[in-house]
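**Q** From first to last, the protein sequence lines stand for chains A and B. In our numbering, each residue carries its 1-based index in the first sequence increased by 1. In our numbering, each residue carries its 1-based index in the second sequence increased by 1. We put the CB at the ideal spot given by N, CA and C, even for glycine.
Number of protein chains: 2
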Amino acid sequence: LKMSGKGNLLIGQSGGPTAVINASLAGVIHTATEKGAFNNIYGMVQGIEGLLKGNLLEVPHLTSKDVKLLAATPASALGSCRYKLKEEDYTIITRIIKEQDIRSFIYIGGNDSMDTCNRIAGFMKEEGYEISVIGVPKTIDNDLPVTDHCPGYGSAARFTAISTAGAGRDLEAMKTFDDVAIMEIMGRHTGWLAASSTLLKRQIEDAPHLVYMPERAFNLELFLEDIKSIHKELGFVFVAIGEGICYENGDFVGIEGSDRDDFGHVTIALSEGPASYLKKVIKDELGLQARYNRCGTVQRSYSESVSDTDQKEAFMVGEAAVELSAAGVNDKMIILRRENDEPYHCVTDTTPLNKVANLEKMVPDSYINKRGNQVTEEFYRYALPLMGTERPTFYRFK
Amino acid sequence: LKMSGKGNLLIGQSGGPTAVINASLAGVIHTATEKGAFNNIYGMVQGIEGLLKGNLLEVPHLTSKDVKLLAATPASALGSCRYKLKEEDYTIITRIIKEQDIRSFIYIGGNDSMDTCNRIAGFMKEEGYEISVIGVPKTIDNDLPVTDHCPGYGSAARFTAISTAGAGRDLEAMKTFDDVAIMEIMGRHTGWLAASSTLLKRQIEDAPHLVYMPERAFNLELFLEDIKSIHKELGFVFVAIGEGICYENGDFVGIEGSDRDDFGHVTIALSEGPASYLKKVIKDELGLQARYNRCGTVQRSYSESVSDTDQKEAFMVGEAAVELSAAGVNDKMIILRRENDEPYHCVTDTTPLNKVANLEKMVPDSYINKRGNQVTEEFYRYALPLMGTERPTFYRFK
């Protein structure tokens, strides 16, 4: 147990990993080391769940080469968790924070994690203990409010756009054999990531021809109509669907059972999912040969398609968290504020944690077409810069 | 209809696409143009199936920028097919070849396509028509005999290795929530691609912990034993499985129905697949939470992880095909012959088409461990150079 005026920094990672969540971690460690604002840096092993077990790691000195390597390493290097704090847990956390002289608590996570941060800040205030609690946004789902977008989204969007464009060319080449390909895309209750599948589409033949997002009620009849009409037009149909698409009545498409995590969320990824189901329906109802791709966790952990913009910003929000924390800012989440579209420019800012905790930002109406089966130009303007500065182009005969 | 001493070149692409099949096409077009060995270059639109309908494309002049762009474009730019020639089709093909004054017939494809080439060469010989028929190898399955490896495999292996390493880190980070992740990997009846999932594994925690290939009979009991034991040791298990794993009796694992293509192959990709099935078994038998990733056609069409070695060789086999064809070589497939492991060096050579037609090269025993659940050092020596000269490394605490 070390004591001093400076105190120690505690850093943790939470929720589903991303390809750049370690860039934020690298930003925190690098900046804290550079500034010398804290005596020690402790890492929670497996997030808050590890903290409760006293499972802390003394972060070693990282060379600048290590910082770069860590920033380029996918998934959460400290380990993550999906754990909803119980009332009795707060006593334990309060005790550990005091014992370890933690004066800065930085947690990199999504909506649920921001709730955790907000509650810890409240508990410490009640205890009269001086601490800075800062949330750092992270989620491929891009569903945190207030911030322009979430670090992690750009890289997942890049992977989604490139994999869709490639698999679309694959289907087009094989159109005398296959009819329909479905790409199942992560994103839980929002369609941000599904929408990003369109980012390399330039002409009618390019995938995806259809995109379905959870923001619009899924209508099986209209879906089959859409498939039939595109198939008639092109001879092949590439469909992107958000994993969380729901019927009008709120039931998920093709999800049986009801496994739920600690936060009460249906764990779509652990079920069969909508693509597998829709593939069968397309075969049965339209007699069309369909296959599906479900890249699953590869969408959030693919290290060779990190968006340079996303990686830079993920590092930046980690940096900002340490700077504000050292300045005594408390109970805030770092956000990205877009200053300009072209050239794209974002800066960091903050928002109170209770303005983001447990809230979800949906894809706005203006980003989805009227029929609910494609994105609009406005979505491109928003999302294109996020997938990075270099965008692949392909050759096409004629 | 143009006639001259030189005649025309006809080029086609066949079977499942790869990320570098267009690099071979670019090699053919570039070399044929440079050499000026033919009057015109015609492309079959949708392979032999398009040829039968007289669906040919006059290949336009490609600038060197176009050649580069085409080489980096995933899937078959001319269109592909899975079509087994019927006896009556040969008359049509013979007629078109004569009418179009085709003196060089180059077909980029896998085992089935080499059979097609071999038979066309035979028919033209019977007709007394002077033509050079050359097969160019292509398949992510890497299952063509004689050649050291197949263009297309290295890039798919790179994607498989990187996606497995990343998704493995993802599972490790989430081990307090998920128990098991299954990666379903293409490759039909051979385990070459499934084996490549190991190429970035450096230590015990790295994915995959287990790899199952079709070369060994799948035993569900031993599989569950393996899962249980790794889970006990590490707290999480990452399993890579070839899509074509079979039980001792020859039945595919988790594949219902029996959709078959023209060649009589079971179309695994169109069925539910083994991962979805094994996920359920793991839950039911071991009570472990499992999820699965099935990247599907993304494995063969991902453009941002092309192996530089693979792309270079794919171009090289296209180049060699034109040079030999212009020299009058007939009824041969281009192969890659490895001259050296370290530094890695491969050269092109040829083999008679009937030595490869319809044959499959399995992963040899020496590349698979005794229990049939992991690869050996010998496999690494063989496959590591194929995934490219630059290999990602990740950071790990402690």
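Would you say B/Ser259 lies against chain A (beta-carbon separation less than 9 Å)?
**A** Reliability of the predicted coordinates at B/Ser259 is poor, the pLDDT of 48 falling under 50, and the value obtained from them is presented with this limitation in mind. False, the Cβ-Cβ gap to chain A never drops below 9 Å.
**Q** Report the rounded CA-to-CA distance for A/Gln419 versus A/Gly153, giving the unit in angstroms.
**A** The question about residue 419 of chain A has no answer here: the residues shown for chain A are numbered 2 through 399.
**Q** May I have the straight-line CA-CA distance separating B/Gly167 from B/Tyr130, to the nearest angstrom?
**A** 54 Å
**Q** So, using beta-carbon positions, are A/Leu200 and A/Ala158 closer together than 9 Å?
**A** Their beta carbons are under 9 Å apart, which means A/Leu200 touches A/Ala158 by this criterion.
**Q** What does DSSP give as the partner residues of B/Ile242 in its beta bridges?
**A** B/Glu185, B/Tyr213
**Q** Quick check: A/Gly8 and A/Phe39, are their CB atoms within less than 9 Å of each other?
**A** yes
**Q** Just checking: is the beta-carbon of B/Leu71 within a distance shorter than 9 Å of some beta-carbon in chain A?
**A** yes
**Q** Kindly indicate which residue of B/Thr161, B/Gly80, B/Asn341 has the alpha-carbon position closest to the one of B/Gly243.
**A** B/Thr161
**Q** Taking the alpha-carbon positions, what's the B/Ser1 to A/Val60 distance?
**A** What the structure shows of chain B is the stretch from 2 to 399, and residue 1 of chain B is not part of that stretch, so it cannot be assessed.
**Q** Mapping DSSP to helix, strand and coil, what is B/Gln300?
**A** helix
**Q** What is the residue span of the alpha helix (DSSP H) that B/Cys118 lies within?
**A** Here the alpha helix (DSSP H) through B/Cys118 covers 112-127.
**Q** Tell me the DSSP secondary structure of A/Ala291 in three-state form.
**A** strand
**Q** Quick one: which chain B residues come within Cβ less than 7 Å of A/Gly80?
**A** Within chain B, the residues near A/Gly80 are Ala174.
**Q** Residues in the region 294-316 of chain A with C-beta within 7 Å of chain B's C-beta atoms, listed in sequence order?
**A** Asn294, Arg295, Cys296, Gly297, Thr298, Val299, Arg301, Ser302, Tyr303, Ser304, Glu305, Ser306
**Q** Enumerated in chain order, which unbroken segments of the alpha helix (DSSP H) with a length of 4 residues or greater are wholly contained in the region 29-65 of chain B?
**A** 48-53
**Q** What are the residues in the region 140-174 of chain B lying within 9 Å of chain A by C-beta distance?
**A** Arg159, Phe160, Ile163, Ser164, Thr165, Ala166, Gly167, Ala168, Gly169, Arg170, Asp171, Leu172, Glu173, Ala174
**Q** Beta-carbon within less than 8 Å of B/His1's beta-carbon, same chain only, minus the 5 sequence neighbours each way: which residues are those?
**A** No statement about residue 1 of chain B is possible, as the shown extent of chain B runs from 2 to 399 and does not include it.
**Q** Just the Cα atoms here: how many angstroms apart are B/Gly55 and B/Cys82?
**A** Rounded to whole angstroms, B/Gly55 to B/Cys82 spans 15 Å at the Cα level.
**Q** Between A/Thr140, A/Lys280, A/Lys126, which lies nearest to A/Val134 when the distance is taken from Cα to Cα?
**A** Put simply, of A/Thr140, A/Lys280, A/Lys126 the residue whose alpha carbon is nearest the alpha carbon of A/Val134 is A/Lys126.
**Q** Looking at the strands, I want to know which residues DSSP matches up with A/Ile12.
**A** DSSP lists A/Gly44, A/Ile107 as partners of A/Ile12.
**Q** Following a CB-centred definition, is B/Arg339 positioned closer than 8 Å to any heavy atom of the ligand FMN?
**A** Within the structure as shown, the ligand FMN is missing, as the structure has no ligands at all.
**Q** For A/Ile183 versus A/Ala276, is the C-beta distance shorter than 9 Å?
**A** yes
**Q** So, does the region 349-362 of chain A touch the region 329-336 of chain A, judging by three or more C-beta pairs under 8 Å?
**A** Between the region 349-362 of chain A and the region 329-336 of chain A there are three or more C-beta pairs closer than 8 Å, enough to call the two in contact.
**Q** Does the beta-carbon distance from B/Glu149 to B/Cys347 come in below 9 Å?
**A** The question names Glu, but residue 149 of chain B is Asp in the sequence shown. Yes, Cβ-Cβ distance for B/Asp149 and B/Cys347 is below 9 Å.
**Q** Given that A/Leu58 touches chain B, what residues does it touch there, using C-beta distances under 9 Å?
**A** Correct list: Phe398, Lys399.
**Q** Using the rule of at least 16 other Cβ atoms within 10 Å of the residue's Cβ for burial, across every protein chain shown, is B/Glu1 buried or exposed?
**A** Beyond the ends of chain B as shown, which are 2 and 399, falls residue 1 of chain B; an answer cannot be given.
**Q** Can you give me, in chain order, the residues of the region 207-218 of chain A that have a beta carbon less than 8 Å from any beta carbon in chain B?
**A** none
**Q** Nearest chain A C-beta to B/Ala384 closer than 9 Å, yes or no?
**A** Chain A contact via Cβ: absent.
**Q** Kindly indicate which residue of A/Asn359, A/Val282, A/Ile256, A/Leu194 has the alpha-carbon position closest to the one of A/Leu387.
**A** A/Leu194
**Q** Considering only C-alpha positions, which residue in the set A/Gln101, A/Gln300, A/Gly110, A/Leu86 is nearest to A/Arg120?
**A** A/Leu86
**Q** With C-beta atoms as the reference, is A/Gly319 less than 9 Å away from A/Ser25?
**A** yes
**Q** List the residues that DSSP assigns as beta-bridge partners of A/Asn341.
**A** DSSP lists A/His346 as the bridge partner or partners of A/Asn341.
**Q** Any Cβ of chain A within less than 9 Å of the Cβ of B/Ser277?
**A** Closer than 9 Å: yes.
**Q** By Cβ distance below 6 Å, which residues in the same chain neighbour B/Gly111 in space, the five residues on each side in sequence not counted?
**A** Gly16, Thr140
**Q** Mind checking whether B/Ala78 and B/Ser304 have CB atoms under 9 Å apart?
**A** In this structure, B/Ala78 lies away from B/Ser304, with their beta-carbon atoms at least 9 Å apart.
**Q** I need the boundaries of the beta strand (DSSP E) containing A/Gly136, first residue and last residue.
**A** In the DSSP assignment, A/Gly136 falls within the unbroken beta strand (DSSP E) covering 133-138.
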